[in-house]
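Per UniProt numbering, the sequence shown runs over residues 1 to 426.
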Amino acid sequence: MSLDRTIAPDFKIIQTVNLPEPQTYTLDNGIALHVINIGEQPVVRLECIFEAGNWYESETAASYFAVKMLTEGVEGMTSQEISEAFDRLGAFTDLTHTSDRVGIVVYCLSRFLPEVLPLVQKLIRSATFPEKEFQELKNITVQNLKVNREKTAYLATTEFRARLFGAGHPYGQSQSAEEIDALGMDAVRAHYEQFIRDGKFTAVLAGQVTEADVEHVNATLGQNFFDAASGKVSFTASEAYQGDEEIVERPESVQSSIRMGRVLFNRHHPDYFKMLVTNEILGGYFGSRLMKNIREEKGLTYGISSHLVTLRNEGYLMIGTDVKKEFTQQTIDEIKKEIHRLQTEPVGAEELQTVKSFMAGEFAGSLNTAFEVADRRKVLLLDSLPANFFNQYIDRIHATTAEDVMAMANSYLRPEDMVTVIAGGK
1 MSLDRTIAPD FKIIQTVNLP EPQTYTLDNG IALHVINIGE QPVVRLECIF
51 EAGNWYESET AASYFAVKML TEGVEGMTSQ EISEAFDRLG AFTDLTHTSD
101 RVGIVVYCLS RFLPEVLPLV QKLIRSATFP EKEFQELKNI TVQNLKVNRE
151 KTAYLATTEF RARLFGAGHP YGQSQSAEEI DALGMDAVRA HYEQFIRDGK
201 FTAVLAGQVT EADVEHVNAT LGQNFFDAAS GKVSFTASEA YQGDEEIVER
251 PESVQSSIRM GRVLFNRHHP DYFKMLVTNE ILGGYFGSRL MKNIREEKGL
301 TYGISSHLVT LRNEGYLMIG TDVKKEFTQQ TIDEIKKEIH RLQTEPVGAE
351 ELQTVKSFMA GEFAGSLNTA FEVADRRKVL LLDSLPANFF NQYIDRIHAT
401 TAEDVMAMAN SYLRPEDMVT VIAGGK
């Protein structure tokens, strides 16, 4: 039977997605180990996640260097020996840092987990912070920062966050060469000792996991007891940005990077799902209104998008694009025009259904591997969300109406409530 390529294949709207449940174990020292035991390949990923990001540091960048220095030396091993030990086992390591948390991530074959775990334990418990490696890491970070500060996109994004939250807020601060040069080893080591070495963490193990693997984790990471004290400081987001326009002049640049947006909310907010759909229509995917207008019809940019950025304690909306300087004001005007359309004209049934189907398919497609499932589960665990949060995702998306979208646009997309940052010029 020949295939008739003039006839589109049948499709089915995704109505439900069931996220596999984790198995949760409590190690001997009280650490929670969450296991996602799925996958066809004999591979595992271990994550140790510490509440130790910018929210907890006494000096700017102390948390970043505290985690990045873990592989630069431990008791009895140099940085080269640490690297070679992981390489011999075919293991890949990653040290992660965000405003909220830091983490140690290790990928390896399942059979090598018993040998990888003692190395992870050394990183957590016996990092030595050698001075030479510390200075080299500072120099590399400063050089990377200098390169980034030549890019209008970097300047616009960092200034945008600083205007939203305040430059001293954990979500608004950015590294500077002066602060990195002034950062001393004492502050970095103190952060490590309080929040990593002696701090309680959450462990997530995903992949082909056996009961023996859980026992191995308990025998290593479950034997040291931790001080649960956090010392977290409270911060309040700025509200002085509303209606402002900030220009970071770069006369030598031929283009401008535009960032528009405002502080919103995190996943706990009752309007979160409705706002997800509204954002998707505005600029969340390739067929969005901003893309159709500003890229396809006007040809002002290669790409434009809007994002709902959800953090632990806050969230924000950011609309971003790069354009030639002479098109800057026209692009801003067209963004406001599309926002006004959402506020005054109901979204058509076909467009709304297309967006819902795209979001449902994208969500289902993001759960193909054990590691992707673990990433979703990790959000629930770390942000204290209900266990059925993602199981309800499809239902809540499909339940959003055109009236909901218009209400969200009028409540949260008012340009007078936003800040506009332009890096480059007009």
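Every residue gets a Cβ at the ideal spot worked out from N, C-alpha and C, and that includes glycine.
All values reported here derive from a predicted model rather than from experimental measurement.
- The DSSP-derived three-state label of S83 is helix.
- Within the DSSP secondary-structure output, L164 pairs in no beta bridge.
- The continuous alpha helix (DSSP H) containing E178 extends over residues A177 to A182.
- Looking at the DSSP output, L205 sits in a beta bridge with V35 and L46.
- In the DSSP secondary-structure assignment, M318 is bridged to G261 and H307.
- Restricting attention to V105, P270, S305 and L164, the CA atom closest to the CA of D375 is found in V105.
- When the alpha-carbon of H191 is set against those of D244, S58, H269 and V263, the nearest one is in S58.
- The straight-line gap separating the alpha-carbon atoms of V309 and G315 is approximately 5 Å.
- Between M318 and R414, the C-beta gap is not smaller than 7 Å, which leaves the two residues out of contact.
- Taking each of P270, Y56 and S256 in turn and checking the Cα distance to K426, the smallest one comes out for S256.
- Burial state of D213 is buried, judged by a 10 Å Cβ sphere holding 16 or more other Cβ atoms.
- Take the alpha-carbon of M408 and the one of G207: they are about 39 Å apart.
- The DSSP-derived three-state label of D94 is strand.
- With a threshold of 16 other beta carbon atoms within 10 Å, F371 meets it and is buried.
- When the Cα atoms are used, M359 and G365 turn out to be separated by approximately 10 Å.
- Residue F134 holds the alpha-carbon nearest to the alpha-carbon of K68 among N29, N18, F134 and T6.
- No Cβ-Cβ contact shorter than 7 Å links A177 with V204.
- Counting along the chain, no alpha helix (DSSP H) covers L3, and no H or E run does either.
- The DSSP-derived three-state label of E57 is coil.
- Counted as a single uninterrupted DSSP element, the stretch harbouring G287 is not any beta strand (DSSP E), since DSSP gives it neither H nor E.
- Look at Q194 here: in three-state DSSP terms it is helix.
- Straight-line spacing of the CA atoms in G39 and L367 works out to 11 Å.
- DSSP places A423 inside the beta strand (DSSP E), whose first and last residues are V419 to G424.
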